[in-house]
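S.K.:
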Amino acid sequence: MDLGCRKENVAVDKRVREAGLRPTRQRIALADLLFAKGDRHLSAEELHEEAIEAGVPVSLATVYNALHQFTQAGLLRILAVEGSKTYFDTNTSDHHHFYIEGENRIFDIASGPVTVSNLPEPPEGMEIANVDIVVRLRPKRCD
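The numbering of the sequence shown is our numbering, which starts it at 223 and goes up by one.
And the structure:
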């Protein structure tokens, strides 16, 4: 990936800067891979694989660090769905997800009302900031 020849890099550079991060070559390259394809859900391993295929010389540790920095800066949303399996969502708006068990696929639930009721009272001095819903799916079983 020739980082100097892509017009999108100007917008990515600006996005990274506006999030309060220093736009290093690796951050810009990873952000370009992340955001160039619209809303998506990726694990660090998947982004690392995309980076290697695109010719971006980056370690898996650097990918993890960049993803967590992007998350802290508000550019990504983190989704923990399967024990140690974490996904990073480029859509940071409030929305919910379907997760297909056994396929490790996650996708957005179409916007619309999702009602959550009977939430427990938060501990004293605390308030509920957000509720994330992940609906787990699997193929129907034939009876």
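In this text, a Cβ means the ideal position worked out from N, Cα and C, and glycines have one as well.
Bear in mind the structure is a predicted one, so any value in this text is a computation, not a measurement.
Between the region 291-299 and the region 328-335, do at least 3 Cβ pairs fall closer than 8 Å?
M.R.: The region 291-299, when compared against the region 328-335, does not touch it at the 8 Å Cβ threshold.
S.K.: Sort Val336, Ala233, Asn340 and Arg247 by Cα distance to Thr284 and report the nearest one.
M.R.: Nearest of Val336, Ala233, Asn340 and Arg247 to Thr284, Cα basis: Arg247.
S.K.: Quick check on DSSP: helix, strand or coil for Glu271?
M.R.: Three-state result, Glu271: helix.
S.K.: Might you give, ordered along the chain, the residues of its own chain that have their beta carbon closer than 7 Å to the beta carbon of Ile300, omitting 5 neighbours on each side?
M.R.: So the qualifying residues of the chain are Thr293, Thr308 and Phe310.
S.K.: Any idea which residues DSSP pairs Val357 with across the strands?
M.R.: Beta-bridge pairing links Val357 to Phe320.
S.K.: I'd like the list of long-range same chain contacts for Ile355, defined as Cβ closer than 8 Å, with 5 residues on each side in sequence excluded.
M.R.: Closer than 8 Å at Cβ, skipping near neighbours: His318, His319, Ile331, Val336 and Val338.
S.K.: Between Glu267 and Leu282, what straight-line distance do the alpha-carbon atoms span, to the nearest angstrom?
M.R.: Straight-line Cα distance between these residues: approximately 7 Å.
S.K.: Which value, in whole angstroms, describes the spacing of the CA atoms of Val287 and Cys364?
M.R.: Looking at the sequence itself, residue 287 is Asn, so the reference to Val does not match. Roughly 44 Å between the two C-alpha positions.
S.K.: Applying the criterion that 16 or more other CB atoms from any shown protein chain within 10 Å of the CB defines a buried residue, is Arg249 buried or exposed?
M.R.: Buried: at least 16 other Cβ atoms inside 10 Å.
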